[in-house]
Every structure is written in C-alpha cells, then in structure tokens.
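Colleague: Numbering (UniProt numbering), first residue to last: 1 to 727. Here it is: the structure, laid out below.
Printed below as a string of structure tokens:
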C-alpha cells in the first residue's frame, strides 16, 4: 500500500506540472495555440504512457480536445480581423476624400487670401498663397501622392489667376512687409536686412517665391510667358543677394534665353541681367560678362543676311552691359583680346592650314567686330582707350595674313573696323596701303572673263570662289568698296593741317591705277576720287598760308575746327554721296536675297522704356495658357506645335547650310590665285547667293560597270542573251 500511494503522489505531481504547462483552465484563443496544445499531449503520451492512462481515467476533458471548436474560434478571429481591416480602410478612404476636397484651390480662396493680405497683412494668408503658387509652378510634375502638400488641384483659370497675382503683386507685398523702398535698392540694404529679426519671418516666403519662379522658368516654352515672368522678376532681383545659389541659376537661365530666345525674349532677358548687375554689382558682373561673351561667340559662328542683324543686336547688348562697370569690363576685354592675339601669333608662326582656319572664320572675325564696337563706344573713357592699340595691331595682322584676291571680303571688313577705331579715338591708322594694294592686284585690273555673275554681298562672306573671282559683279563690288573706304579714311583727316602730305602717296598710286587699268568705268570712278582729294588739298593749303604757328604748337588741334563741325570740306561732301550709294546697293541686295527683320539691332533708350511698362492692366488677359494643365486642349495642340517646330527646323537648316561652307579656309597659299597648281578649289564659297552651292572637287573613284553597261557586251552571259533574242 505504501508503494502505490507514493506512485500516486508522483502521478499527481506530474499531473500538476502538465496542468501548468498546458494551461488547463485557459481556453486557446488562436488556431496556432490550439495546435501547440495538441502537440504537447502527443509528446506526453510518448514519454509517460502510464501518466497518460491516468489522465484518461481522472481528467477526460483535457484529452478530449475538439478540433472543430478550434477551427470555429480561429475563423471567428479571422473574421474579426477582416472586419477591423475593412473598417480601417473605409475610414482612411473617407479621410482621403475629405483631404482632397479641402486641397482643391478655387478663385474664391485666392481672392480671400489677397483680401486678407492687402487689408490685414496676415502672414498665414501669405503663406497659403505661396503654397498655392508652389502647386501651380510644380503642376504636372511627377511627384506622386505627396501628402506633404496642402493643395493639389486647380483649374486653368485658377492657375492663370495665381500666376498673375503672385508675379504682379508679390514684390510690392514683400517690400511693404520688410519696410523696403517701393522699387530699386542695393545689395547693402538686403545685407543689413538679413541680420534683423524681421527677416526670419519672411525668409522662407522670399525663398519660396524665387525658387518656384525659377522652377517654372525652366519648364516654360512659350516666349510670351517667359518674357512676362522675367519682366516681373526683374523688380525682385535685389533679393537674390540673400540666395547666392539662386543668383547663379537665374544668371544661367537668363543667358540662355538671351542667346537663343525669339521675339521680345532676348531684350527682356538682357534687361533682367543688366538690372541684376546694377543692383548686385561685383557679385555677378564677372559671371555675366563671361557668360554673355560665351553666348555671343556661340551665336556668331555662322553668318548670313538673316542672322546678321541678330548678331549685331547681341554685340550691342554686350557693349551696353560694359557701361555698368568699365573698370571690370576692361579686365575681361583685355583677357579676351589677348586670346585673339595669341591665335593670330600662332597662325603667323606656324603658317599651317589649321592655324589659318582658326583666324579666317566667322567666330574670330565677329569677336573682332565686338571689340571694335566696344572701343568705339567707350574709347573716350580712360578705362577703355588703352585697348585701341592692341586691337588695331590684331586687325591689321588679320588683314595681311593671306594677301590674295579671294579674301578681299575679309580684308574689307578689317579695313572698315580700322576706320571706325580711328574715327572714335582720333588717332591716325595707316589704312590706305591696305586698300591700294588691292587695286594693284591683277584680278581687279583686267577685264572680267567669267561673265556678269550674280550680285555679291560682301557683308555675309569671307572668301569667294574662283568662278566668282572672275565675274564683273565681284570686281565692281570690290572696286566700289575700295573707293568708299579710302574716301572715308581720307575724309577723317580732311581738316588736318597735314592733309596734303597724307594724301600725296595715295593720289600717286591712284593715278598709276588709272593708267594700268583697262576698265573704263573703274578709271572714271578713280579719277573722280582723285579730283575730290586734290580739291580738299587746295582747301586746306589756302588756310595753311594764313597761319603763323609752328607744327608743334598746340594750336594745331584747333585748325579748321569750325569747318569740321559744319562738314564743309569737299571730301566730306563726297563721302556723304558715296554712303548713300552704298546704302542703296545694300538695300537692293537685301531685297533680292533675304529680308532682315523689322526690329532695329541698335539698343537704345526706347527699348528700355517699352519694356518697363506696367503690366497690371492686363488682368483680364490670359497670359499663362491653359495648355500648362493636362487635358484635351494641350493634347490637341501638340500635333500643331510639332508641325510648326518641324517647319522652323527646316528653315534653320536652310539658313545654316549655306554659310557653313563659307567658313572653311583651306589650301591657303601666299601667292596669286591664278596658279591652279598651288591653290586648290576645295573650299570655294558662294558668291553672295545663298542658293548657290559651293563647288567642291572630289577624288575620282573607279567606276564599277553596272549590269546593263555596254562595256560588258562581250561577256559570255551577254552572248547567250543575244543568241536567245535572235532565235
């Protein structure tokens, strides 16, 4: 009895341990817990079968575990979880719908914000307006479901209204809030403002305004919209002092629009850059000067009649921007002119085709034109006058680099530049020798052998082809240009006390040309020039007889000063007639070739006034098109825009196709072009007509006889064919 009692006590103790392990009084709550309970009972049966039999006798409820109850409980739990998830999803969807309904921007909201800002000056309304402006600027971007934004959707009318309101009124709101002047301002005022507590409240608003406007500038393609945006941002350019990163990006964008834009966009972009340089000073002058010169060089690589005026406009803009700070502009001009001198020195030392090609191209010549215009515009200033001498040396070296008749157009351009520099600085430049050397070449002395030929526009070419060189039109254009430039050069010194000595050698060489030439019309024009020069010599000699001072007396500078102001010398009157004739000839060439745009390339004050007009009267007009918003309108306009872009591309390709061949300088030989063995005709240029393609010699390749060629009639295959046809 004692052994059985001990064993029973052990079984009871084991039973208690199992109850603790399995959790007898706790019901399984999940399907995973029920499985775990069954596995524990199976392990108990294997380890201790006696105790398992004891449980069968005394505790059947623990062993008779129903799986169906477990499955039912598990299903109930799963259903409860599914109901909870469905409820949460429906709740989140309803919240999203409520948020979307509140994130739609309407015109009433914009009007209420504007009213609160104007009447009460509420900062919360200003922030809401700037958030709407950010939404408008980033509308259409692939941002996904960005829940951080307060607003997301708007109509095309609301988009137009937000852009007009913010761009037109934000500058005034910021200036009023920050207690700044209503317009203008310097960088010092903004630098002082940054240190104040008031700036902390509006720092993010100013940054948001400038940053979002910059973003939409990079996205827009319509020139009118870009012009309007830049025109309004010009008034807030002084705020860029506080954001140097934005300042560099704005300069880059404005330079791009200035160089590549159409319509009024180049003018608006230049005015933005000019105002930025005036407000910010040295912070952006260097970057603007370098950027504008680089953009000018990229645009002047090729020249034709249609592009000539655009290049002149870009050059005038660069010269106008130099006026902001001449001392800083002189440093950049000196570096760029020195680069041109180094290129010319390499060509003079190496005498190779590659070196000559770097000089005799439109990019190099147009750079000389730019610096000539800068010296002529600012030559009277102390900062810019020292640049006249090195520039004159470079232009003279370029004119003498290849002294052949085919490069007469380039030499005449150089001579015109030298005459302009001499007239602006009042110093003598020996130009007459360059012109007289042209007259003594046999290409202008002999009668033409190539026929009449087409009219030659010397403004749009640097080199002519050999067939054009022998035409009558080219000879007339060269001789008349030589007469005009020589008369212009002598007329600059027609009031000098030493005019007789200056004109003596030119008159002697002109007389020798009259004796050697066989073309009567040229002889007649030259003799007319000689008579005018001699009449001017008599005009000055008569006044020289009445003077009593010596040549080194300072009173020499006042000699014939009154006559110079009235233009009473015979040579000055003759030059005015020649200029009228040159204008008529140029006008006729423009009508026969390509018409230049109506807008003037000269940058004047009227252009400044026209761009500074107030835009607030245009509230009813839709400046910002609804094509910005995704919809049927924008899709319908896409094929029309693609067609117009294709037409523009074709026109640009036609304009660029002709002058590309003219810019190539090949086979440069310092001798007459009459010898065909020394100078090949691989780089023949057009003779002034854009439709005439340049003549190019190609290496002859052995002709491969075709299947139907007569040379293969004796082949076996052809003999067999003949037999068949005869049968």
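Using N, Cα and C, we set each Cβ at its ideal position, and we do this for glycine too.
Tell me the start and end of each unbroken alpha helix (DSSP H) in the stretch 510–585 that is at least 4 residues and wholly inside, in chain order.
Modeller: Counting only runs of 4 or more, we get 520–544 and 561–566.
Colleague: Closest by CA to residue 202, which one among 212, 187 and 174?
Modeller: If we check each option's Cα against that of residue 202, 174 comes out closest.
Colleague: Are the beta-carbon atoms belonging to residue 321 and residue 274 less than 9 Å from one another?
Modeller: Yes, these two residues count as a Cβ contact at 9 Å.
Colleague: Here's the rule: buried if 16 or more other CB atoms are within 10 angstroms of the residue's CB, otherwise exposed. What is residue 394?
Modeller: With 16 or more other Cβ atoms within 10 Å, it is buried.
Colleague: For residue 209, which residues in the same chain have their Cβ closer than 6 Å to its Cβ, ignoring the five residues on either side in sequence?
Modeller: 170, listed in sequence order.
Colleague: Tell me whether residue 437 sits in a helix, a strand or coil according to DSSP, three-state version.
Modeller: Helix at residue 437.
Colleague: Report the three-state DSSP secondary structure of residue 448 (helix, strand or coil).
Modeller: If DSSP states are grouped into helix, strand and coil, residue 448 belongs with coil.
Colleague: Is the CB-CB distance between residue 399 and residue 469 below 9 Å?
Modeller: In this structure, residue 469 does not lie closer than 9 Å to residue 399 by Cβ.
Colleague: Please check the pair residue 728 and residue 317, which I expect to be a contact at CB under 8 Å, by giving their CB distance rounded to whole angstroms.
Modeller: The requested residue 728 does not occur in the structure, where the chain is confined to residues 1 to 727.
Colleague: Go through its chain and collect everything with a Cβ distance to residue 438's Cβ below 6 Å, but skip five positions before and after it.
Modeller: These residues qualify, in order along the chain: 482.
Colleague: Quick one: what does DSSP say residue 431 is sitting in, helix, strand or coil?
Modeller: Of the three classes helix, strand and coil, the one that applies to residue 431 here is coil, per DSSP.
Colleague: So which of 138, 176, 168 and 163 has the shortest CA-CA distance to residue 119?
Modeller: Comparing Cα positions, the closest option is 176.
Colleague: Taking the alpha-carbon positions, what's the residue 352 to residue 407 distance?
Modeller: For residue 352 and residue 407, the distance between alpha carbons rounds to 17 Å.
Colleague: From this set, 182, 189 and 178, which residue's C-alpha is nearest residue 197's C-alpha?
Modeller: For residue 197, the nearest C-alpha among the options comes from 178.
Colleague: Here's a check: name, in chain order, each residue in its chain whose Cβ is nearer than 6 Å to the Cβ of residue 285, leaving out the five neighbours to either side.
Modeller: Contacts found: 277, 325 and 328.
Colleague: Quick one: Cα of residue 475 to Cα of residue 542, how far?
Modeller: Each residue's Cα considered, the two are about 38 Å apart.
Colleague: Of the choices 423, 167, 335 and 261, whose alpha-carbon is the least far from that of residue 377?
Modeller: When each option's Cα is compared against that of residue 377, the closest is 423.
Colleague: How many angstroms separate the CA atom of residue 222 from the CA atom of residue 257?
Modeller: About 11 Å.
Colleague: Might you give, ordered along the chain, the residues of its own chain that have their beta carbon closer than 6 Å to the beta carbon of residue 502, omitting 5 neighbours on each side?
Modeller: For residue 502, where only same-chain residues beyond five positions count, the Cβ hits under 6 Å are 493.
Colleague: What distance in whole Å lies between the Cβ atoms of residue 537 and residue 499, which are believed to be in contact at a cut-off of 8 Å?
Modeller: Residue 499 to residue 537, Cβ: 6 Å. Contact.
Colleague: Determine, using beta-carbon pairs with one atom in the stretch 528–537 and one in the stretch 448–457, whether at least three such pairs fall under 8 Å.
Modeller: Contact between the stretch 528–537 and the stretch 448–457 is absent, because fewer than three Cβ pairs lie under 8 Å.
Colleague: Quick check: residue 360 and residue 434, are their CB atoms within less than 9 Å of each other?
Modeller: In this structure, residue 434 does not lie closer than 9 Å to residue 360 by Cβ.
Colleague: Residues in the same chain with beta-carbon distance under 8 Å from residue 110, minus the five sequence neighbours each way, listed in chain order, please.
Modeller: Within the same chain, residue 110 has close Cβ partners 129, 132, 158, 161, 162 and 165.
Colleague: Just confirm the distance between the C-beta atoms of residue 447 and residue 518, as a whole number of angstroms; I'd bet it's less than 8 Å.
Modeller: 6 Å between Cβ atoms; contact.
Colleague: Under three-state DSSP, which class holds residue 301?
Modeller: Reduced to three states, the DSSP call for residue 301 is coil.
Colleague: Between which two residues does the alpha helix (DSSP H) carrying residue 394 extend?
Modeller: 388–400 is the span of the alpha helix (DSSP H), which, as asked, contains residue 394.
Colleague: Measuring CB to CB, does residue 387 end up less than 9 Å from residue 334?
Modeller: Contact: yes.
Colleague: Buried or exposed for residue 218, going by 16 or more other Cβ atoms inside 10 Å?
Modeller: Per the 10 Å Cβ criterion, exposed.
Colleague: By the three-class DSSP mapping on this structure, what secondary structure does residue 138 have?
Modeller: Of the three classes helix, strand and coil, the one that applies to residue 138 here is coil, per DSSP.
Colleague: Look at residue 230 and residue 183 and say whether their C-beta atoms are less than 9 Å apart.
Modeller: Not a contact, by the Cβ cut-off of 9 Å.
Colleague: To which residues of the same chain is residue 484 closer than 7 Å at the C-beta, ignoring the five residues directly before and after it?
Modeller: Excluding residues within five positions, the ones whose Cβ falls inside 7 Å are 578 and 582.
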